[in-house]
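Read top to bottom, the protein sequences are chains D and Z. For the first sequence, the numbering used here assigns the number 106 to the initial residue and increments by one for each residue that follows. For the second sequence, the numbering used here assigns the number 9 to the initial residue and increments by one for each residue that follows. Ideal Cβ placement from N, Cα and C applies to all residues, glycine included. Treat the numbers as computed from the prediction; the structure is a model and nothing was measured.
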Amino acid sequence: MLDNLVLGFSTALSFENLLWCFVGVLVGTVIGVLPGLGSTTGVAVLLPLTLSLEPVTGLIMLAGIYYGSQYGGTITSVLISTPGEASSVVTTLDGYQMARQGRAGAALSIAAIGSFVAAIISLALLVALAPPFAEFALDFGPPEMLAVMVLGLATIVSFAGDNRRLGLLMALVGLLIATVGVDPGSGTSRFTFGSIYLLSGIPFVEVMIGLFAVGEVLYQIRQGAAAPIRAGFRELMISRADLRRSGGPILRGSFLGFVFGILPGAGSTLASFMAYGIEKRVSKRGGEFGTGAIEGVAAPEAANNAAANANFVPTLTLGIPGGATTAVLLGAFMIYGIQPGPLLFDEQPDLVWGLLASFFIGNVILLFLNLPLAPVFAQLLRVPYGYMYPLILLTSLVGAYSITNGMYSVWVVLVFGVIGYFMKRLDLPMAPLVLGLVLGPLFEKALVQTSAIGDGNLLIVFTRPLALVVLAIAVLQLAAPSIMARLLRRRATTRSRRSDPADSTPEGSTRG
Amino acid sequence: MTAPTARRGIAVEQAVVYGLLTALGLGALVMALGYGLFLEESRVGPGLVPAVVGGLTALIAGWELTATLRGHRTPHDQGLAEVVAAAAVDAPQGGASSQSAAPGGPPSGGSGSMSPDGGPVQILGSGPGPDDVDIFGRTPRDRSRQLWTVSAALVVAALLVPLLGLLGSLFVLSVFVSAVVERRGWVPSLVVSFLAVAAVYGVFVGFLGVPLPTGLIGIGG
Numbered sequence: 106m107l108d109n110l111v112l113g114f115s116t117a118l119s120f121e122n123l124l125w126c127f128v129g130v131l132v133g134t135v136i137g138v139l140p141g142l143g144s145t146t147g148v149a150v151l152l153p154l155t156l157s158l159e160p161v162t163g164l165i166m167l168a169g170i171y172y173g174s175q176y177g178g179t180i181t182s183v184l185i186s187t188p189g190e191a192s193s194v195v196t197t198l199d200g201y202q203m204a205r206q207g208r209a210g211a212a213l214s215i216a217a218i219g220s221f222v223a224a225i226i227s228l229a230l231l232v233a234l235a236p237p238f239a240e241f242a243l244d245f246g247p248p249e250m251l252a253v254m255v256l257g258l259a260t261i262v263s264f265a266g267d268n269r270r271l272g273l274l275m276a277l278v279g280l281l282i283a284t285v286g287v288d289p290g291s292g293t294s295r296f297t298f299g300s301i302y303l304l305s306g307i308p309f310v311e312v313m314i315g316l317f318a319v320g321e322v323l324y325q326i327r328q329g330a331a332a333p334i335r336a337g338f339r340e341l342m343i344s345r346a347d348l349r350r351s352g353g354p355i356l357r358g359s360f361l362g363f364v365f366g367i368l369p370g371a372g373s374t375l376a377s378f379m380a381y382g383i384e385k386r387v388s389k390r391g392g393e394f395g396t397g398a399i400e401g402v403a404a405p406e407a408a409n410n411a412a413a414n415a416n417f418v419p420t421l422t423l424g425i426p427g428g429a430t431t432a433v434l435l436g437a438f439m440i441y442g443i444q445p446g447p448l449l450f451d452e453q454p455d456l457v458w459g460l461l462a463s464f465f466i467g468n469v470i471l472l473f474l475n476l477p478l479a480p481v482f483a484q485l486l487r488v489p490y491g492y493m494y495p496l497i498l499l500t501s502l503v504g505a506y507s508i509t510n511g512m513y514s515v516w517v518v519l520v521f522g523v524i525g526y527f528m529k530r531l532d533l534p535m536a537p538l539v540l541g542l543v544l545g546p547l548f549e550k551a552l553v554q555t556s557a558i559g560d561g562n563l564l565i566v567f568t569r570p571l572a573l574v575v576l577a578i579a580v581l582q583l584a585a586p587s588i589m590a591r592l593l594r595r596r597a598t599t600r601s602r603r604s605d606p607a608d609s610t611p612e613g614s615t616r617g
Numbered sequence: 009m010t011a012p013t014a015r016r017g018i019a020v021e022q023a024v025v026y027g028l029l030t031a032l033g034l035g036a037l038v039m040a041l042g043y044g045l046f047l048e049e050s051r052v053g054p055g056l057v058p059a060v061v062g063g064l065t066a067l068i069a070g071w072e073l074t075a076t077l078r079g080h081r082t083p084h085d086q087g088l089a090e091v092v093a094a095a096a097v098d099a100p101q102g103g104a105s106s107q108s109a110a111p112g113g114p115p116s117g118g119s120g121s122m123s124p125d126g127g128p129v130q131i132l133g134s135g136p137g138p139d140d141v142d143i144f145g146r147t148p149r150d151r152s153r154q155l156w157t158v159s160a161a162l163v164v165a166a167l168l169v170p171l172l173g174l175l176g177s178l179f180v181l182s183v184f185v186s187a188v189v190e191r192r193g194w195v196p197s198l199v200v201s202f203l204a205v206a207a208v209y210g211v212f213v214g215f216l217g218v219p220l221p222t223g224l225i226g227i228g229g
C-alpha cells in the first residue's frame, strides 16, 4: 500500500498535475460561489478543456473542480443562506445564523478545516478500503453487477428529489435514452431512424452540458434577476473553543459521510443531512442547533467532503457512479478510453493512486486558499447573472463542439438544454436520469451476460447469495428515507420533551 | 399573472410533458417489439430492455398525466425531502433560502427542492418567484418572452455557423443576448462579447488546438 501511495504522490506532485489541481480547485471554488452553477455543471462544461491533457491530469483537474465547488457552495450557504450545492443546504441552518451573529469567518474556517480533516480521514479510508474492495469486486459476475446497478438506481430513485415515482420515471427515461444506438448484445441498431449520428448512441457529455449548463441558464432567465448580493465579515478568526467543540462533530461527520458516500447513488447530500441530524442527537448542545451552533456547520461539512471522496469507491472499483457529478466524471473516464472497474487498480495504478493522492493535495490547497481568501471569493456574489450566462452559453457550445469536432454535439446540447429547462421547471429530478443514462449500457450488457450464464433464465440472479443480499438492500433503500426521517424525528421529539422550551425558540424567525 | 394562473400554466406544461413521455414510452415499446424480445434459448434480445423500460415509462407517465388532468398535484415530500424535514426539525424555518435571498434579510420560508449532487439547488418560495417582478422590473410574461427569445437565438446561432463560423455566430449571439435581451448598452455588450469570444478562442483554438468551423467568411479558425 505504501508503494502505491508513493507512486500516487509522485504522480500527483509533478509540476503539471500540481498546476492543474490548483486550477481545478480554484475554478471549482469560483463555480461553487457563482449563482446558478454547481459542481456537475462545472465538471460537464469544463470537461472538454481537459481533452488535450493526460487522462490523469484531466481527472485531477475535474476532481479538483468537484470538491472545490463543494467549498464554494459552503461560502454562499454561510453568507447568504444560498447553497450553491445540494450538499451545502444543511450548512445554511447554522452557518447562516453564525454569519448573522458576525461569525461568518469562524463558520467558513471550521467548514474549511472540517472539510480538510474529513478529506484526510476519507482518503485514508479510501486508500485502505478501495483496493480490497476492488479485489473483492473482481469476483463479481454479471448477476452481481446487475444487482449493484439495481441498488444504485434504487438509491438514487429513493433519495433524488422529493417524489419516488418521478425519480423512477426519470431513471427510466435515462435508461431509454441509453438504448439508442447499436445494441451491445446482438449488434441491432435501435431507434436510429437511419441516422449515422444515432448509431453510436446519444452522446453522454453533451447531454450533461445541455441538462446542467444550458438548461440551468434558461431556467435562471425564466426565474428573473435577483439583486446582486453584498456580504461582509466582522469576525474572521475562529476561537480555540470553537475548534474544541468541532473536533468530535468533524470526526463523526467524516466517518458517517464516508459510509453514505460509498453507497452507489446516495451521494453527499444525504450524508450531510444525516450527519447534521445525528450530531443533533448526540451533541450536548443539540438544543442550540439551528441557532448558530458551530457543530451544525462542522459535522455536515466534514460529511459532505468525506462522501465526495467516498463517491469514488463505487466509481473507481465498480464503474458505478456515486452521484451526478461522479457520473459526469465517469463519462470523462470513458472519453479518455479508460474503463473504471475492479481491474483499474491493477491496470492503471499510477492513474488511480495519482488521482487519490491529488485529493490530499487539492484539499491542502483548498485549505490555504480559503482560510485567507473566502472574503475575496464572496465578492463574486456581486456579479449579476445577466453578465455570466452569455459566457456560460459560449463555453458550453464551443466545449460541446470540441468533443467531437462536429455540430451534432452542439445540437444535442441545445435539445437537452430545453429538456433540462422543463425538468427544472416541473421539478423532475435530474440525478436519476443521469444515472440511468450512464448505467444503461452497462445494465443491458450485464443483463445479456446474466441471461447467457443462466441459459436464458434471468432468475439466476436470485440464486447468487451476494446478488441476493445487494438486491435486498436495494429494496430496503426504497423505504430508507422514511426510516431515516422517523429515527431523526423520534430523537428530536424526545429531546424537545426533555429540554427547556425556551431553548428551542427559533431565532431565525427574527431579523438580525 | 396571478398565482392560480401560473399554477395552471405549470399544470398545462406538466400535462404536455407527461403526455409526450407517455407517447415516447409507447412508441419505444412498439418499436422494441419489432427488434425481438428474446433470441434463441430465451436469451435477452435487443428489444427486451427498451420494451420493458418503454412500457414502464408509458405506465408511470400515463399515471401522472391522468392525475394532472384530474387536477391532482404530485406530492413533493418524499425521499431526501423527508430526511431534510426531519433533520431540520427545531431549526429556523426555511433556513435555506433561494439563490436570490435579500442581502442581510432573514432566510425566507419555503420548501426546498433538491437533487442530490444534481447541480445547483433550487429552493422554492423566495426571490423573484414565478409571479413576481424581478429587480429590473420584468414581469413573468417578459421573462417568458426573454426565455423564448434566447432559446430561438441559440437555434439561429447554430444555424448561422456555416455562414459566420462558430465563434462568429456565438459573438453575434452574445451581443444579441447582452444588448437586446438584457438591454445593456451596445458598447459594453460589444466589448464584453468580444472579450468572451477572445477568451474562448484563446482556450479552445490557441491552447487546445480545436479546429473550430470558420464558416464562409472565415472567422476564428
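DSSP beta-bridge partners of residue i
i       : result
V287(D) : S294(D)
V52(Z)  : F46(Z)
Cα-Cα separation, residue i to residue j
i       : j       : result
T472(D) : T260(D) : It is Leu, not Thr, that sits at residue 472(D) in the sequence shown. Cα to Cα, L472(D) sits roughly 32 Å from T260(D).
E393(D) : G200(D) : 12 Å
R205(D) : P54(Z)  : 59 Å
A160(Z) : M512(D) : 17 Å
R594(D) : L123(D) : 45 Å
G246(D) : A265(D) : 28 Å
V205(Z) : L499(D) : 8 Å
G397(D) : A94(Z)  : 18 Å
V24(Z)  : L142(D) : 28 Å
G17(Z)  : R146(Z) : 18 Å
A686(D) : L592(D) : The question about residue 686(D) has no answer, for chain D in this structure spans 106 to 617.
R386(D) : G362(D) : 16 Å
V200(Z) : V183(Z) : 8 Å
L41(Z)  : I301(D) : 22 Å
Min CB distance residue i to chain D below 7 Å
i       : result
H80(Z)  : no
G176(Z) : no
L34(Z)  : no
G133(Z) : Bear in mind that the predicted position of G133(Z) carries a pLDDT of just 36, short of 50, making it unreliable; the figure below should be weighed with that in mind. So no, G133(Z) is outside the interface.
A109(Z) : Reliability of the predicted coordinates at A109(Z) is poor, the pLDDT of 34 falling under 50, and the value obtained from them is presented with this limitation in mind. By this cut-off, A109(Z) is an interface position.
L76(Z)  : Inspection of the sequence shows that residue 76(Z) is occupied by Thr rather than by Leu. So no, T76(Z) is outside the interface.
A160(Z) : no
R3(Z)   : No answer is possible for residue 3(Z): it lies beyond the span of chain Z, which begins at 9 and ends at 229.
G17(Z)  : no
G63(Z)  : no
G210(Z) : no
A206(Z) : no
Nearest-angstrom Cβ-Cβ length linking residue i and residue j, presumed shorter than 8 Å
i       : j       : result
G279(D) : G541(D) : 2 Å
V503(D) : V208(Z) : 5 Å
G176(Z) : G223(Z) : 6 Å
T155(D) : D455(D) : Not confirmed; about 17 Å, so no contact.
A66(Z)  : T30(Z)  : 5 Å
I74(D)  : P160(D) : Any answer about residue 74(D) is impossible in this case: the structure gives chain D only from 106 up to 617.
G87(Z)  : R269(D) : 6 Å
Cβ of residue i within 7 Å of any chain Z Cβ
i       : result
G210(D) : no
I326(D) : yes
A403(D) : no
V481(D) : no
D608(D) : With a pLDDT of 46 at D608(D), under the threshold of 50, the modelled position of this residue cannot be trusted, and the question is left open.
Y302(D) : no
N268(D) : yes
E549(D) : yes
D288(D) : yes
Between the segment 124–132 of chain D and the segment 159–178 of chain D, are three or more C-beta pairs nearer than 8 Å? yes
Should the segment 300–315 of chain D be regarded as contacting the segment 185–196 of chain D, the criterion being three or more beta carbon pairs within less than 8 Å? no
Inter-stretch contact at 8 Å, needing at least 3 Cβ pairs: the segment 466–484 of chain D / the segment 207–226 of chain D: yes
Indicate whether the contact test is met: 3 or more Cβ pairs, each with one atom in the segment 213–221 of chain Z and one in the segment 180–194 of chain Z, closer than 8 Å. As far as the Cβ criterion goes, the segment 213–221 of chain Z does not touch the segment 180–194 of chain Z, which means the pair count is below three.
State whether the segment 341–354 of chain D contacts the segment 166–181 of chain Z, with contact taken as three or more CB pairs (one from each stretch) at a distance under 8 Å. No, the segment 341–354 of chain D does not touch the segment 166–181 of chain Z.
Would the segment 318–326 of chain D count as touching the segment 479–499 of chain D if we require 3 or more Cβ pairs under 8 Å? As far as the Cβ criterion goes, the segment 318–326 of chain D touches the segment 479–499 of chain D, which means the pair count is three or higher.
Between the segment 550–562 of chain D and the segment 438–452 of chain D, can you find at least three pairs of beta-carbon atoms closer than 8 Å? Not touching, per the Cβ criterion.
Three or more C-beta pairs closer than 8 Å, one from the segment 563–576 of chain D and one from the segment 352–369 of chain D: is that the case here? no
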